[in-house]
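Colleague:
Residue numbers (our numbering), protein chains in the order written: chain A, 72 to 185; chain B, 72 to 185.
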C-alpha cells in the first residue's frame with residue numbers, strides 16, 4: 072500500500088467554518104477519484120506544546136489528509152486521471168499551504184495491509 | 072475515537088538505521104501500553120516539494136506516529152500508566168523533536184469508528 076500524508080494550512084482570512092465545509096466537500100469528491108483506494112481528512116483540534124522531548128515548532132496547521140493507493144499502477148492511474156485533476160483544482164480553492172510526505176512501514180516492507 | 076498524530080525528527084547525528092530500529096522497538100512496546108487502542112509509526116520516505124498549492128516548508132521530518140484511544144477514560148488511564156511513562160522514556164532516547172496534533176473528524180462528530 073502506498074500512503075501519502077499531507078499537512079494543510081488554510082488560506083489567510085478563510086473562516087474555520089468555510090475551511091471545514093471545503094474539507095468535507097473534498098472528502099466527498101475523493102470517492103470518485105480513480106486509483107485512490109482511500110482518502111481521509113481530519114481537522115486539527117489541538118496542538119499541544121508541552122512535549123516530553125523538545126518541541127518541533129512548525130507553526131499552525133489546520134488539517135491533516137491521507138491518501139492510500141494499492142500499488143504503483145493505481146497511483147499512476149490516479150495521477151493521469153482528469154477527475155483527480157479536478158479534485159486538485161478544488162484543493163487550490165481552500166488549501167493555502169501544503170506539506171506532503173510519502174510514508175513507509177518501519178519494517179522496510181511496503182507490502183503490508185497498512 | 073480520540074486520535075493524536077505526531078511528527079518525529081531524529082536527534083542530530085543518529086543514523087537512519089538506528090532510528091528505524093528504535094521506531095520498531097517503540098512500536099513493539101506500544102502493544103503493552105494500557106488504554107492505547109492502536110499505535111502506528113511509519114518512516115518518512117519522500118518529502119515532495121512540487122505541490123499544486125504553495126509549499127508549506129517545515130524542514131525535514133523522519134517519521135510520523137499516530138495513537139488511537141477509545142474514549143477519554145481510556146486516554147486518562149493511558150496518561151496515568153507507569154507502562155506508558157516507560158514508553159515515553161524510550162521515546163526520549165530516539166526522538167529529537169516532536170510535534171503533536173489532536174485531530175477530529177470534519178463532520179464534527181468524534182464518535183465515528185475512525
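All C-beta atoms in this analysis are idealised placements derived from N, C-alpha and C, irrespective of residue type, glycine included.
The structure displayed is predicted, hence computed values, not measured ones.
Residue 78 of chain A CB to nearest chain B CB: under 7 Å?
Modeller: As a first step, residue 78 of chain A is located in the first chain; it is residue number 7 there, counting from the start. Closer than 7 Å: yes.
Colleague: In the DSSP assignment, the alpha helix (DSSP H) including residue 156 of chain B goes from what residue to what residue?
Modeller: For the purposes of this step, residue 156 of chain B is identified with residue 85 of the second chain, where counting begins at 1. Element bounds for residue 156 of chain B: 153–165.
Colleague: List, from N- to C-terminal side, the alpha helix (DSSP H) runs of 4 residues or more that fit wholly inside the segment 111–158 of chain A.
Modeller: 143–151, all fully within the segment 111–158 of chain A.
Colleague: Inspect the beta-carbon positions of residue 120 of chain A and residue 127 of chain A and report whether they are closer than 7 Å.
Modeller: Working through the first chain from its first residue, we reach residue 120 of chain A at position 49. Working through the first chain from its first residue, we reach residue 127 of chain A at position 56. Not in contact: residue 120 of chain A and residue 127 of chain A (Cβ atoms no closer than 7 Å).
Colleague: Report the three-state DSSP secondary structure of residue 91 of chain A (helix, strand or coil).
Modeller: On the first chain, position 20 is the one that residue 91 of chain A refers to. Three-state result, residue 91 of chain A: helix.
Colleague: How would you list, in chain order, the residues of chain B whose beta-carbon sits under 8 Å from the beta-carbon of residue 159 of chain A?
Modeller: One-based indexing of the first chain puts residue 159 of chain A at position 88. Near residue 159 of chain A (Cβ distances below 8 Å), the residues of chain B are 123.
Colleague: Would you mind sorting residue 151 of chain B into buried or exposed? The rule is 16 or more other CB atoms within 10 Å of its CB.
Modeller: Counting from 1 along the second chain, the entry for residue 151 of chain B is found at position 80. With fewer than 16 other Cβ atoms within 10 Å, it is exposed.
Colleague: Quick one: which residues of the segment 83–97 of chain B get their C-beta closer than 8 Å to a C-beta of chain A? List them in chain order.
Modeller: From the segment 83–97 of chain B, only 91, 94 and 95 have a Cβ closer than 8 Å to chain A.
Colleague: Rounded to whole angstroms, how far is the Cβ of residue 122 of chain B from the Cβ of residue 78 of chain A, which I believe are closer than 8 Å?
Modeller: What you label residue 122 of chain B is simply residue 51 of the second chain in a count that begins at 1. What you label residue 78 of chain A is simply residue 7 of the first chain in a count that begins at 1. Residue 122 of chain B to residue 78 of chain A, Cβ: 11 Å. No contact.
Colleague: The beta strand (DSSP E) that contains residue 75 of chain A, what's its start and end?
Modeller: The residue given as residue 75 of chain A occupies position 4 in the first chain. Counting along the chain, the beta strand (DSSP E) containing residue 75 of chain A begins and ends at 73–80.
Colleague: Do you know offhand how far residue 166 of chain B's Cα is from residue 80 of chain B's?
Modeller: Position 95 of the second chain holds residue 166 of chain B. Position 9 of the second chain holds residue 80 of chain B. When rounded, the distance between both Cα atoms is 6 Å.
Colleague: Can you name the residues of chain B whose CB is closer than 8 Å to the CB of residue 114 of chain A?
Modeller: Numbered from 1 along the first chain, position 43 holds the residue referred to as residue 114 of chain A. Correct list: 174, 175, 176 and 177.
Colleague: May I ask you to report which of helix, strand or coil DSSP gives residue 40 of chain B?
Modeller: Nothing can be reported for residue 40 of chain B: it is not among the residues displayed for chain B, which extend from 72 to 185.
Colleague: Alpha carbon to alpha carbon, how far is residue 92 of chain B from residue 134 of chain B? Give it in angstroms, no decimals.
Modeller: Sequence index remark: in the second chain, residue 134 of chain B carries index 63 (1-based). Sequence index remark: in the second chain, residue 92 of chain B carries index 21 (1-based). Near 12 Å, if we compare the C-alpha coordinates of residue 92 of chain B and residue 134 of chain B.
Colleague: Once the 5 residues before and after residue 73 of chain B are set aside, which same chain residues still bring their CB inside 6 Å of it?
Modeller: By one-based count along the second chain, residue 73 of chain B stands at place 2. Contacts found: 140 and 146.
Colleague: Using 8 Å for Cβ pairs, my map puts residue 174 of chain B next to residue 76 of chain B. What's the rounded Cβ distance?
Modeller: As a first step, residue 174 of chain B is located in the second chain; it is residue number 103 there, counting from the start. As a first step, residue 76 of chain B is located in the second chain; it is residue number 5 there, counting from the start. The pair is a contact, with the Cβ atoms about 6 Å apart (cut-off 8 Å).
Colleague: Chain A partners of residue 132 of chain B, CB-CB under 7 Å?
Modeller: On the second chain, residue 132 of chain B is found 61 positions in, with the first residue counted as 1. In chain order: 172.
Colleague: Could you name the residues that DSSP lists as bridge partners for residue 173 of chain B?
Modeller: The residue given as residue 173 of chain B occupies position 102 in the second chain. DSSP output for residue 173 of chain B lists A:117 and B:75 as bridge partner(s).
Colleague: For residue 188 of chain B, would you say it is in contact with chain A, using Cβ-to-Cβ distances shorter than 7 Å as the test?
Modeller: The first residue shown for chain B is 72 and the last is 185, placing residue 188 of chain B beyond what the model contains.
Colleague: Is the CB of residue 135 of chain A under 7 Å away from at least one CB in chain B?
Modeller: Here residue 135 of chain A corresponds to residue number 64 of the first chain, with the count starting at 1. Yes, residue 135 of chain A lies at the interface with chain B (some Cβ there is under 7 Å from its Cβ).
Colleague: Residue 149 of chain A to residue 116 of chain A, Cα distance in whole Å?
Modeller: Within the first chain, numbered from 1, the residue matching residue 149 of chain A stands at position 78. Within the first chain, numbered from 1, the residue matching residue 116 of chain A stands at position 45. Roughly 30 Å separates the two Cα atoms.
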